[in-house]
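*Asks:*
Number of protein chains: 2
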Amino acid sequence: MPHWKLIVAYDGSPYNGWQIQPGLPTIQGTLARALHHITGETVLPQGSGRTDTGVHALGQVASVSLQSPIPASNLQRALNHILPTAIRVVSVEEAPTDFHARHSAQRKTYEYRIATQSICPPTLAPFVWNCTWPLDLVAMQQAAAYVIGTHDFTSFAATDRDLANRNISAEDDDTTPAIAKTAFRTIFASTWSRDGDLLLYRVTGSGFLHHMVRNLVGTLVDVGRGRTAPDLIPAIIAARSRSAAGPTAPPQGLFLVEVDYT
Amino acid sequence: MPHWKLIVAYDGSPYNGWQIQPGLPTIQGTLARALHHITGETVLPQGSGRTDTGVHALGQVASVSLQSPIPASNLQRALNHILPTAIRVVSVEEAPTDFHARHSAQRKTYEYRIATQSICPPTLAPFVWNCTWPLDLVAMQQAAAYVIGTHDFTSFAATDRDLANRNISAEDDDTTPAIAKTAFRTIFASTWSRDGDLLLYRVTGSGFLHHMVRNLVGTLVDVGRGRTAPDLIPAIIAARSRSAAGPTAPPQGLFLVEVDYT
């Protein structure tokens, strides 16, 4: 029974996030329906993690086993033929039986895109946070560096109340079950760069708590606005309290870029 | 009573075109509601022409008179505050009383965007036609040049049946009433260019019949695919029959770029 690793890109705008939910359009549900249409099999592809409503992906990874002996290239072509253009299967390859998109993940990279134009082009609006106030990129970069390392990231995790409202648990969200029970995560890279009118935040970590990237970005933007000094970040981390950090950046600027398995 | 010229950009994806329709989201209707919200006045801004469902604009022009003595910069700021991010007011300036966005227009420029990637990025998909077959850009450019000049463009106009289905008349669609009654239009520029994986068609004319740009693009893509010889374009124009030309390109690749008034 072939086991598959799919790399999936999507525009999250029209979806209620990755995770299948009855009666709502989701990426996982749309993918499952397409697989059923092609193979007749009822399967649920496992993602490397859920993405929230409005969050996008360039390299979400999904794993799924199928009985049908369909070749990889045919499976990819058939999926891209059936799926809406907002979801694209970028690659399909056979994977070892024990490969699990979530449990096997070693590192994830997210990118957050901020547009700084005073009037944001409508074609860009679904994919950025439009920040029209002046931002000090040097201060934001200095603050971002403090995030690197292994820390308890409770200050940047969605609160129990946020999660209860959406009927999910924080542990659900992350990669490896062994580390999911704690709020300790290791961040390998955390940097800002400029690309024309865009400010791009890239962060690579062992895993991320729910809302963690958006809460980091909200806090780093507070630094860029001069509301928080860059060297306060260690104290914000040490506080282990959501109220110590800044607001949650909006979902539409966030992209899951890559998931590494080695 | 101040008279205004607005330049408006929009992502047409979530709208049923420019023209106000009861019970449907439209650009004109959304703009009218925002103006009412700001001034309390019930006005209908006039566009330089309608754009169809899913068609975008970088520089649609609208004219409207308001009683309220609101300064231009306040009006722009208030509109962009109220309007959804899919619609942006790029500029607001006072105009002579006799300025009419449609009747005063001298030239319009449209751009049509084709993406040639075998897998089109989901963030690009709402704004392009994804053509995955090989296209001969030199042949398309050669064919495009035949369009320049003053011609009867009946071969590239939506048929009466197309229009009847949508309860509109061909004349409605165009700029100057004097020329709207005939299918003669003057095309000043008609060129293809490449920008990375994108093929861009730019066309500037005195006005355009309904579906004319999309029908030109569909025909020029037939040339690019080798289905139609480039030097057949004059005969297609001369046929004055919709069936002589190629298919209608999909709406989401089309942008109204600019409207000139002098």
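Quick note, the sequences are listed as chains D and B, same order. So the first sequence is numbered by my numbering: it starts at 28 and just counts up by one. So the second sequence is numbered by my numbering: it starts at 28 and just counts up by one. We put the beta carbon where it would ideally sit given N, CA and C, even for glycine. These numbers come from a predicted model, not from an experiment.
Run the CB neighbour count on Arg115 (chain B), radius 10 Å, all protein chains shown included, and call it buried at 16 or more, exposed below.
*Replies:* Sequence index remark: in the second sequence, residue 115 (chain B) carries index 88 (1-based). Flag for Arg115 (chain B) reads buried.
*Asks:* Would you mind telling me which residues of chain B sit closer than 7 Å to Phe154 (chain D), beta carbon to beta carbon, in chain order?
*Replies:* As a first step, residue 154 (chain D) must be located in the first sequence, where it is residue number 127. What Phe154 (chain D) touches in chain B: Thr150.
*Asks:* On the criterion of 16 or more Cβ atoms from any shown chain inside 10 Å, does Asp38 (chain B) qualify as buried, or is it exposed?
*Replies:* Looking up residue 38 (chain B) in the second sequence gives position 11. Answer is buried; the Cβ neighbour count reaches 16.
*Asks:* Find out if the Cβ-Cβ distance for the pair Trp160 (chain D), Ala276 (chain D) is shorter than 7 Å.
*Replies:* Within the first sequence, residue 160 (chain D) is the residue found at index 133, counting from 1. Within the first sequence, residue 276 (chain D) is the residue found at index 249, counting from 1. With contacts defined as CB atoms closer than 7 Å, Trp160 (chain D) and Ala276 (chain D) fail to qualify as a contacting pair.
*Asks:* Looking only at its chain, what residues have a beta carbon closer than 8 Å to the beta carbon of Ala122 (chain B), apart from the 5 residues adjacent to it on each side?
*Replies:* Here the question's residue 122 (chain B) lines up with position 95 in the second sequence. Closer than 8 Å at Cβ, skipping near neighbours: His30, Trp31, Lys32, Ser90.
*Asks:* List, in order along the chain, the chain D residues whose C-beta lies closer than 8 Å to that of Val117 (chain B)?
*Replies:* Here residue 117 (chain B) is taken as the residue at index 90 of the second sequence, counted from 1. Ordered by position in chain D, the residues that pass the 8 Å Cβ test against Val117 (chain B) are Ile146.
*Asks:* Output, in chain order, the set of chain D residues within a Cβ distance shorter than 8 Å of Asp38 (chain B).
*Replies:* To locate residue 38 (chain B), count along the second sequence from 1; it is residue 11. Here the neighbours are Pro149, Thr150, Ala152, Pro153.
*Asks:* Taking only beta carbons into account, state which residues of the stretch 104–116 of chain B come closer than 9 Å to chain D, listed in chain order.
*Replies:* Asn107, Pro111, Thr112, Ala113, Ile114, Arg115, Val116
*Asks:* Provide the residue span of the beta strand (DSSP E) that contains Leu259 (chain D), from first to last.
*Replies:* By 1-based counting over the first sequence, the position of residue 259 (chain D) is 232. Segment: none, Leu259 (chain D) is in no beta strand (DSSP E) and carries neither H nor E.
*Asks:* Could you check if Asp79 (chain B) is buried or exposed, using at least 16 other CB atoms within 10 Å of its CB as the buried criterion?
*Replies:* As a first step, residue 79 (chain B) is located in the second sequence; it is residue number 52 there, counting from the start. Result: buried.
*Asks:* Write down the C-beta distance between Leu283 (chain B) and Ala113 (chain B) rounded to the nearest angstrom, noting that I regard them as a contact closer than 8 Å.
*Replies:* On the second sequence, residue 283 (chain B) is found 256 positions in, with the first residue counted as 1. On the second sequence, residue 113 (chain B) is found 86 positions in, with the first residue counted as 1. Rounded, the Cβ-Cβ distance is 15 Å, inconsistent with contact.
*Asks:* So Val88 (chain B) packs on Val286 (chain B), CB below 8 Å; how close in whole Å?
*Replies:* For this step, residue 88 (chain B) is matched to residue 61 along the second sequence. For this step, residue 286 (chain B) is matched to residue 259 along the second sequence. Their Cβ separation, rounded to whole angstroms, is 4 Å, which keeps Val88 (chain B) and Val286 (chain B) in contact under 8 Å.
*Asks:* Can you pull out the residues from the stretch 74–92 of chain D whose beta carbon lies closer than 9 Å to at least one beta carbon of chain B?
*Replies:* For the stretch 74–92 of chain D, residues whose beta-carbon sits nearer than 9 Å to a beta-carbon of chain B comprise His83, Ala84, Leu85.
*Asks:* Could you spell out where the alpha helix (DSSP H) holding Val165 (chain D) opens and where it closes?
*Replies:* The residue you call residue 165 (chain D) lines up with position 138 of the first sequence. From DSSP, the alpha helix (DSSP H) with Val165 (chain D) extends over 164–172.
*Asks:* Once the 5 residues before and after Pro257 (chain D) are set aside, which same chain residues still bring their CB inside 6 Å of it?
*Replies:* Numbered from 1 along the first sequence, position 230 holds the residue referred to as residue 257 (chain D). These residues qualify, in order along the chain: Ala166, Gln169, Ala170, Val250.
*Asks:* Take His63 (chain B) and list the residues in its own chain whose beta-carbon comes closer than 7 Å to its own, dropping the five residues that flank it on each side.
*Replies:* To locate residue 63 (chain B), count along the second sequence from 1; it is residue 36. Excluding sequence neighbours, His63 (chain B) sits near Thr69.
*Asks:* Name, in chain order, the residues that DSSP records as bridge partners for Arg140 (chain B).
*Replies:* Your numbering for residue 140 (chain B) matches position 113 in the second sequence. BP columns for Arg140 (chain B) point to B:Leu227.
*Asks:* At 4 residues or longer, and completely inside the stretch 54–126 of chain B: list those alpha helix (DSSP H) runs for me, N to C.
*Replies:* As for any alpha helix (DSSP H) of minimum length 4 sitting wholly inside the stretch 54–126 of chain B, the runs are 54–66, 99–109, ordered along the chain.
*Asks:* I need the straight-line Cα distance from Leu247 (chain B) to Pro153 (chain B), nearest angstrom please.
*Replies:* Here residue 247 (chain B) refers to the residue found at position 220 when the second sequence is read from its first residue. Here residue 153 (chain B) refers to the residue found at position 126 when the second sequence is read from its first residue. Rounded to the nearest angstrom, the two C-alpha atoms are 21 Å apart.
*Asks:* To the nearest angstrom, how far is it from the Cα of Ile97 (chain B) to the Cα of Tyr173 (chain B)?
*Replies:* In the second sequence, the residue the question calls residue 97 (chain B) occupies position 70. In the second sequence, the residue the question calls residue 173 (chain B) occupies position 146. C-alpha separation (whole angstroms): 48 Å.
*Asks:* Check whether the Cβ atoms of Arg134 (chain D) and Thr209 (chain D) lie closer than 7 Å to each other.
*Replies:* Within the first sequence, numbered from 1, the residue matching residue 134 (chain D) stands at position 107. Within the first sequence, numbered from 1, the residue matching residue 209 (chain D) stands at position 182. Going by C-beta atoms, Arg134 (chain D) is not nearer than 7 Å to Thr209 (chain D).
*Asks:* Looking at the unbroken alpha helix (DSSP H) that takes in Gln247 (chain B), where does it start and where does it end?
*Replies:* Here residue 247 (chain B) corresponds to residue number 220 of the second sequence, with the count starting at 1. A small fix is needed here, since residue 247 (chain B) is Leu in this sequence, not Gln. Going by DSSP, Leu247 (chain B) is part of the alpha helix (DSSP H) stretching over 239–251.
*Asks:* State buried or exposed for Ser95 (chain B), treating a residue as buried only when at least 16 other CB atoms are found within 10 Å of its CB.
*Replies:* The residue given as residue 95 (chain B) occupies position 68 in the second sequence. Classified as exposed, Ser95 (chain B) has fewer than 16 neighbouring CB atoms from the shown chains inside 10 Å of its CB.
*Asks:* Please determine, among B:Thr186, B:Val240, B:Ser270, B:Ser145, the residue with the shortest C-alpha to C-alpha distance to His108 (chain D).
*Replies:* For the purposes of this step, residue 108 (chain D) is taken as residue 81 along the first sequence, with counting starting at 1. Cα-wise, what sits closest to His108 (chain D) is B:Ser145.
*Asks:* For Thr213 (chain B), name the three-state secondary structure that DSSP assigns.
*Replies:* The residue given as residue 213 (chain B) occupies position 186 in the second sequence. Of the three classes helix, strand and coil, the one that applies to Thr213 (chain B) here is strand, per DSSP.
*Asks:* Just mark Asn101 (chain B) as buried or exposed, buried being the case when its beta carbon has 16 or more other beta carbons within 10 Å.
*Replies:* Translated into positions along the second sequence, residue 101 (chain B) becomes position 74. Classification for Asn101 (chain B): exposed.
*Asks:* With DSSP collapsed to three states, give me the class of Ser196 (chain D).
*Replies:* The residue labelled residue 196 (chain D) in the question sits at position 169 within the first sequence. Unreliable positioning characterises Ser196 (chain D) in this predicted model, as indicated by a pLDDT of 43, which lies under 50. The coordinate reading is nonetheless provided below. Three-state result, Ser196 (chain D): coil.
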